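Protein chains: 2
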Amino acid sequence: MDFSPVKELILSKKSFIITSHVTPDGDAIGSLIGLSIALEKMGKNVYPVLNDVVPKRYLFLPRVNSIIKENALSEKKDVIICLDSADSERLGFKNPLKSYADIIVNIDHHKSHVLFGDLNFVDPSASSVGEMVYDLIKHLGIKLSYDIAVCLYTAIITDTGATKHSNTTSSALRALADFVELGVRPEKVSWEVFEKKSLNTLLLLKETLKTLKISKNGKIAWLVITKDILEKTNTLEEDTEGLIDYARSIEGVEVALLFKEKDCNKIKVSFRSNSWIDVSEIAKKMNGGGHAKAAGCIVEGSIKEVEKKVVKTVEEYMKEGLYGRNNKFT
Amino acid sequence: MDFSPVKELILSKKSFIITSHVTPDGDAIGSLIGLSIALEKMGKNVYPVLNDVVPKRYLFLPRVNSIIKENALSEKKDVIICLDSADSERLGFKNPLKSYADIIVNIDHHKSHVLFGDLNFVDPSASSVGEMVYDLIKHLGIKLSYDIAVCLYTAIITDTGATKHSNTTSSALRALADFVELGVRPEKVSWEVFEKKSLNTLLLLKETLKTLKISKNGKIAWLVITKDILEKTNTLEEDTEGLIDYARSIEGVEVALLFKEKDCNKIKVSFRSNSWIDVSEIAKKMNGGGHAKAAGCIVEGSIKEVEKKVVKTVEEYMKEGLYGRNNKFT
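Okay, here's the thing in structure tokens:
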């Protein structure tokens, strides 16, 4: 990725909003703080903006308290740099981006990016925006500090799922090595991001595992989180993150489902697949969406009704899918 | 680490037993196969020996079926290379090692290594024996193949807990990057080693979580696996790996314990600590051993008796430990 145009822009301008998407993850927050520190080192006026709450697990990051919301911005700035956001809506600003800054710059790795900036740096082969920001910082000639390193380390391990996902490239691993040499302690970051759990979250896992069901052919597994379970374990929606992976990890399972009871007779359904099923297509049938291997939708009805309906839909889709695939070879 | 003496030895000898410890983990098996392939490439006669069963999760490794047990060895060999084993007993051979080979070589990273070889390469700062074997292979001038790379990748990610443990050094990360460049797919190895679970293993997790207990001060958490639970869920000892981490991951917990009921009124106790407690000292008091943050011992008695006794011992040690620490500052 040639960052020369953005280098020129950064050198010539003074005030920068740096922002990322709502429901922020470690890549959004780590990249945002890391780049903010780097531009401050260059003497720029930097406004790190997130229009959402930072999840507890990222509160250990340096400068996390310097993040502001859009309502704390006063006059218009020169540039807004948007990180990890495929479209401008995901940034959660009330007004069009051009009302906050003259020039819009995107740095992202989503294939579905709609190129809404004046300058767009989109690299779907990058493990994470954290890795792209690292390349940019090197290109800018900024000396990496521990604070930048720990932010970008967090960004990369979040998006690569602790170096377990298919986007764990050799360049991502070499970036992590560089950060460790700057003093980042892998066990400390991993503890904060992945491991540390409240006792209640563990009780939530226990209760959720009790609901595990598997289809007769062993290809679909699902879990249910009722409002009762959340209440009983004193946990929140954000504590349910990752639970669906317990169903997905079962040998032979292709599609995992998680049913979450919401208010007003509505059930939030999450889908994960392991290899050949595109769950976004199933979710779309039920007015949802997502990626091939991770999707979701909201279905009206009781848990029991929705469970039955969705499992049946997945079963039928699997049959069709298999039929379609076999057809190709006859 | 200067591998020149072992290079000389390898160049001058013909037949090699390569072996590692019983209850083998990914570092033991990955290093063993990786080094075996490398020495075969040098035209040596190689006998990869493990006196135990290879856990199912490592059966995806190349050449895993070429591993033999000691009873398949006939005449005496020139050299036995022992990997990842702090003492010779852990290798599970029936007779003294010298009856199997003329020269004993150790390659290990345990601080507690007793240097039982004629040549001992022990580096406690190494992330894993896999990383040491990688250095040795480079020193030998052997061209790395995909098969060697996937074995050593497995070794390193097992011992670093998917780059989450404190032994995740920058050199370990750079080694992983090298292996990815040779075609290793992180998501595939991680799926086999960490993620893929049998349905029964998940049921074991569910049953084990039901036994979770926490001390009044919230600093000790423990789990119990009875023979009944293993029977009910149709699981084996090897399926219990990693379960103790659920107790260790609870915020505020310093020491996690896992009690496993064995035959003959014996309980296997595993210890993990998060920061300031050296659990190997506690295990030693009960004729066990290990590392500062991971240790174990076997205690006679019923589950209830042993649970009570060990938790009390840990509580007392914690009090002493705190007292000792405070003392230094008065």
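In order, the protein sequence lines correspond to chains A and B.
My numbering numbers the first residue of the first sequence as 1 and each following residue consecutively.
My numbering numbers the first residue of the second sequence as 1001 and each following residue consecutively.
Ideal Cβ placement from N, Cα and C applies to all residues, glycine included.
Just so you know, these numbers come straight off a predicted model, no measurement behind them.
Per DSSP, which one or two residues make a beta bridge with residue i?
| i | result |
| --- | --- |
| residue 1047/B | 1017/B |
| residue 1272/B | 1256/B, 1294/B |
| residue 93/A | Answer by DSSP bridge pairing: none, since residue 93/A is not bridged. |
| residue 1081/B | 1018/B, 1105/B |
| residue 197/A | 1250/B |
| residue 1223/B | 1258/B |
| residue 1119/B | 1105/B |
Quick test of your reading: residue i and residue j, contact by CB under 8 Å. State the CB separation rounded to the nearest angstrom.
| i | j | result |
| --- | --- | --- |
| residue 275/A | residue 300/A | At roughly 31 Å, the Cβ-Cβ gap does not stay under 8 Å, so residue 275/A and residue 300/A are not in contact. |
| residue 1127/B | residue 1081/B | Rounded, the Cβ-Cβ distance is 19 Å, inconsistent with contact. |
| residue 1083/B | residue 1169/B | No, residue 1083/B and residue 1169/B are not in contact; Cβ-Cβ is about 19 Å, not under 8 Å. |
| residue 96/A | residue 68/A | In fact, because the Cβ distance is near 19 Å, the residues do not count as touching under 8 Å. |
| residue 1009/B | residue 1051/B | Residue 1009/B to residue 1051/B, Cβ: 23 Å. No contact. |
| residue 1150/B | residue 1062/B | 7 Å |
| residue 280/A | residue 292/A | 6 Å |
| residue 294/A | residue 1162/B | In fact, because the Cβ distance is near 20 Å, the residues do not count as touching under 8 Å. |
| residue 70/A | residue 94/A | 7 Å |
Using a Cβ-Cβ distance under 8 Å, would residue i count as near chain B?
| i | result |
| --- | --- |
| residue 220/A | no |
| residue 233/A | no |
| residue 164/A | yes |
| residue 180/A | yes |
| residue 173/A | yes |
| residue 206/A | yes |
| residue 272/A | no |
| residue 20/A | no |
| residue 63/A | no |
| residue 187/A | yes |
| residue 243/A | no |
| residue 236/A | no |
| residue 176/A | yes |
| residue 4/A | no |
Can you list, in chain order, the residues of its chain whose CB lies under 6 Å from that of residue i, leaving out five sequence neighbours each side?
| i | result |
| --- | --- |
| residue 1204/B | 1233, 1235, 1239 |
| residue 268/A | 260, 262, 298 |
| residue 1003/B | 1136, 1139 |
| residue 40/A | 46 |
| residue 1055/B | 1238 |
| residue 1218/B | 1252 |
| residue 189/A | 153, 154 |
| residue 211/A | 223, 224 |
| residue 77/A | 15, 17, 101 |
| residue 1290/B | 1280, 1283, 1296 |
| residue 250/A | 221 |
| residue 35/A | 18, 133 |
| residue 229/A | 207 |
Taking Cβ positions only, does residue i come closer than 8 Å to chain A?
| i | result |
| --- | --- |
| residue 1246/B | yes |
| residue 1251/B | yes |
| residue 1195/B | yes |
| residue 1055/B | no |
| residue 1295/B | no |
| residue 1169/B | yes |
| residue 1256/B | no |
| residue 1230/B | no |
| residue 1324/B | Its pLDDT being 42, under 50, residue 1324/B is placed unreliably in this model, and the coordinates cannot settle the point. |
| residue 1059/B | no |
| residue 1212/B | yes |
| residue 1223/B | no |
Identify, in the order they occur along the chain, each residue of the same chain with its Cβ nearer than 7 Å to the Cβ of residue i, setting aside the five sequence neighbours on each side.
| i | result |
| --- | --- |
| residue 1192/B | 1057, 1060 |
| residue 1025/B | 1158 |
| residue 186/A | 180 |
| residue 266/A | 298, 300 |
Report yes or no: is there a C-beta of chain C within less than 8 Å of the C-beta of residue i?
| i | result |
| --- | --- |
| residue 216/A | No chain C appears in this structure, whose protein chains are A and B. |
Compute every distance between the C-beta of residue i and the non-hydrogen atoms of the ligand HEM, then say whether any falls below 7 Å.
| i | result |
| --- | --- |
| residue 11/A | Looking for the ligand HEM in the displayed structure turns up nothing, as the structure carries no ligands at all. |
If you drop the 5 nearest sequence neighbours on each side, which residues of the same chain put their C-beta closer than 8 Å to that of residue i?
| i | result |
| --- | --- |
| residue 220/A | 214, 253, 254, 255, 256, 257, 311, 314, 315, 318 |
| residue 119/A | 5, 6, 9, 103, 104, 105, 106 |
| residue 1165/B | 1159 |
| residue 143/A | 41 |
| residue 1171/B | 1127, 1131 |
| residue 86/A | 108, 110, 112, 113, 114 |
| residue 65/A | none |
Could you tell me whether the segment 1007-1023 of chain B touches the segment 1087-1101 of chain B, where touching means 3 or more Cβ pairs closer than 8 Å? Remark: three or more beta-carbon pairs, one from each stretch, lie closer than 8 Å, so the segment 1007-1023 of chain B and the segment 1087-1101 of chain B are flagged as touching.
Are at least three pairs of beta-carbons, each pair with one atom in the segment 1272-1287 of chain B and one in the segment 1228-1242 of chain B, less than 8 Å apart? With fewer than three CB-CB distances shorter than 8 Å, the segment 1272-1287 of chain B does not count as touching the segment 1228-1242 of chain B.
Is it a yes or a no for the segment 1103-1113 of chain B touching the segment 1131-1147 of chain B, going by three-plus beta-carbon pairs under 8 Å? With a cut-off of 8 Å on Cβ pairs, the segment 1103-1113 of chain B is in contact with the segment 1131-1147 of chain B, counting three or more such pairs.
Between the segment 147-155 of chain A and the segment 27-40 of chain A, do three or more beta carbon pairs fall short of 8 Å? Counting Cβ pairs under 8 Å, three or more are found: they touch.
Taking contact to mean at least 3 C-beta pairs separated by less than 8 Å, is the segment 204-221 of chain A in contact with the segment 171-183 of chain A? Contact between the segment 204-221 of chain A and the segment 171-183 of chain A is absent, because fewer than three Cβ pairs lie under 8 Å.
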